[in-house]
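One structure is given below, encoded as structure tokens.
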Amino acid sequence: MSKLNKKWEGKTGGGLFGQAFLFLLLKRVRVSLVYPILFFVIPFYLIFGRKGYKAIFSYFNLNLGFNKFRSFLSTFRNHYIFGEVVLDKFALLAGNSKQFQVEVEGIELFNKLIEEEKGFIIASAHIGNFELVGHCLRQDKKKINGIIYGGETKNYQKQRIEALEKSSINLIEVSDDMSHLFAIKEALDNGEVVSLPCDRVLGSNKTIAKDFLGKKALFPIGTFKLAAQLNVPVIAIFIMKEKKLRYKGYAYLLNSLEEEKSSTKKAEFIAEQYVNTLEKTIKKYPYQWFNYYKFWE
């Protein structure tokens with residue numbers, strides 16, 4: 166995991182006191198009232214967060230074909246929307262979730278899997294606001310296990326755990342000794358749900374190269390390999406920000422090669438569909454790509 170962390174820590178900024186203030190404020194205040202402060206904050210990140218700036222600028226310029234001026238404006242817009250999403254997450258974790266409106270296209274696919282005895286995997290990505298899944302997919306039939314990065318502040322982790330437990334979501338922390346893999350398998354064997362992002366290579370050599378937005382990119386294949394070996398369904402879900410406090414979710418059931426004996430070929434087939442749905446979604450919401458490191462090698 167160290168290789169990735171050098172590129173992208175995946176850690177929420179703001180520091181201990183800044184985060185505590187946001188939790189206190191957004192527990193009582195409508196989050197959209199705080200959005201304007203981002204106009205003063207974003208320039209700071211553009212100037213001092215050069216790696217993130219260069220990565221997103223390159224994404225707009227090289228992958229989407231924007232000219233340099235449009236790429237600069239788009240990079241600012243991307244950072245601004247990401248700032249809104251981060252503030253929305255703090256509001257959610259602070260318990261102020263009723264202000265959000267979420268509609269999920271394909272929710273019937275999720276509901277059908279919930280009724281089945283088998284466990285299944287929710288494959289997400291670092292786009293939109295996946296934190297909302299726990300709030301818009303509430304149910305009491307299956308426990309959902311969310312895989313998280315463990316580098317957050319104690320206060321942020323505490324708020325996250327308390328908020329997600331109310332939605333019947335258990336958190337499994339990614340560990341250097343890979344023990345989280347056993348927890349994931351156990352959850353699936355028990356007929357539970359495992360939710361995790363499948364767009365970042367966490368230092369693993371188990372990857373697959375796919376054409377993604379015009380260039381080759383590496384995606385982790387371990388999750389899809391596990392799904393193939395355990396014969397559990399995979400559903401891709403992306404929750405994208407619309408205007409103000411409205412979100413639109415998209416759920417896609419990824420097909421499996423039922424007659425194929427090779428788990429590797431099965432995994433590659435599922436991974437191909439995942440990348441296709443991710444590309445389809447990000448083309449519709451190009452400003453909500455939130456991987457702030459060199460994604461295309």
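Sequential numbering from 166 applies to the sequence shown in our numbering.
Glycine included, C-beta positions come from ideal geometry on N, C-alpha and C.
Margin query: So, with DSSP's three-state summary, where would you put G299?
Written below: Secondary structure at G299: helix, using DSSP grouped into helix, strand and coil.
Given that a residue counts as buried once 16 or more other Cβ atoms are within 10 Å of its Cβ, and exposed if not, what is K263? K263 should be labelled exposed.
Self-check item: Residue from C363, V366, E433, P362 with nearest C-alpha to Q394
Solution: The candidate whose alpha carbon is nearest that of Q394 is E433.
Sort F377, E407, K254, K426 by Cα distance to R195 and report the nearest one. Closest option to R195, Cα to Cα, is K254.
**Prompt:** Ordered along the chain, which non-local residues of its own chain (more than five positions away) have a Cβ less than 6 angstroms from that of A259?
**Reply:** Result list for A259: F188, L191, K192, in chain order.
Taking the beta carbon of L443 as the centre, do at least 16 other beta carbons fall within 10 Å, making it buried, or is it exposed?
So L443 ends up on the buried side.
*asked:* Between E462, L410, D342, which has its C-alpha nearest L198's C-alpha?
replied: Per the Cα distances, L410.
**OP:** Report the rounded CA-to-CA distance for F237 versus D305, giving the unit in angstroms.
**Re:** Cα-Cα distance, rounded: 45 angstroms.
Inspect the beta-carbon positions of H244 and Y200 and report whether they are closer than 7 angstroms. Going by C-beta atoms, H244 is not nearer than 7 angstroms to Y200.
Practice prompt. Under 8 angstroms Cβ to Cβ from K426, same chain only, skipping five residues before and after it: list those, please.
Written response: Apart from sequence neighbours up to five positions away, no residue of its chain approaches K426 with a beta-carbon distance below 8 angstroms.
Worksheet item: How about V251 and C301: do their beta carbons lie closer than 7 angstroms?
Response: Taking 7 angstroms as the Cβ cut-off, V251 and C301 do not qualify as a contacting pair.
Beta-carbon spacing of I309, I334 below 7 angstroms: A Cβ-Cβ contact shorter than 7 angstroms links I309 with I334.
Worksheet item: Exposed or buried, what is E296 when buried is set at 16 or more other beta-carbons lying within 10 Å of its beta-carbon?
Response: Classification for E296: buried.
- Item | Classification of G284 by the beta-carbon crowding that lies within 10 angstroms, buried from 16 upward | Residue environment for G284: buried (at least 16 other C-beta atoms within 10 angstroms of its C-beta).
Q: Report the rounded CA-to-CA distance for A382 versus W454, giving the unit in angstroms.
A: Whole-angstrom Cα-Cα distance: 14 angstroms.
Quiz item: Do you know how far the Cα of K380 is from the Cα of S239?
Solution: About 20 angstroms.
For this session: Pull up the DSSP beta-bridge partners for D376, would you.
Result: Under DSSP, D376 shares a beta bridge with K381.
Under 8 angstroms Cβ to Cβ from K430, same chain only, skipping five residues before and after it: list those, please.
Around K430: L422.
- Query: Quick one: what does DSSP say P362 is sitting in, helix, strand or coil?
  - Reply: DSSP places P362 in the strand class (E or B) of the three-state scheme.
If you scan the region 221 to 309 from start to end, which runs of the alpha helix (DSSP H) of 4 or more residues do you find wholly inside it? Runs found: 233 to 258, 272 to 280, 298 to 301.
N396 to F389 span [Cα, whole Å]
One C-alpha to the other measures close to 10 angstroms.
DSSP-derived helix/strand/coil call for N441:
Looking at N441 - three-state DSSP - the assignment turns out to be helix.
Margin query: If you follow the alpha helix (DSSP H) that K350 is in, where does it begin and where does it stop?
Written below: Counted as a single uninterrupted DSSP element, the alpha helix (DSSP H) harbouring K350 occupies residues 345 to 354.
Q. What three-state label does DSSP hand Y452 in the structure shown?
A. Helix, per DSSP.
- Message: Considering just the uninterrupted stretch of the alpha helix (DSSP H) at L395, what are its terminal residues?
- Response: Counting along the chain, the alpha helix (DSSP H) containing L395 begins and ends at 387 to 395.
- Please name the residue or residues paired with R193 in a DSSP beta bridge. As far as DSSP is concerned, R193 takes part in no beta bridge.
Residues that DSSP places opposite A416 in a beta bridge: In the DSSP output, where bridge partners are listed per residue, A416 has I402.
| field | Alpha-carbon to alpha-carbon, L361 and E424 | value | For E424 and L361, the distance between alpha carbons rounds to 27 angstroms.
Worksheet item: Out of F275, L257, N228, Y224, which has the shortest C-alpha to C-alpha gap to G414?
Response: Check the Cα spacing between G414 and each of F275, L257, N228, Y224: the tightest is with F275.
Please report the distance separating the alpha-carbon of G248 from that of I207.
Each residue's Cα considered, the two are about 8 angstroms apart.
Fill in: Expected contact under 8 angstroms - CB spacing of Y452 and I202 to nearest Å
With a beta-carbon spacing of about 19 angstroms, Y452 and I202 fall beyond the 8 angstroms limit used to define contacts.
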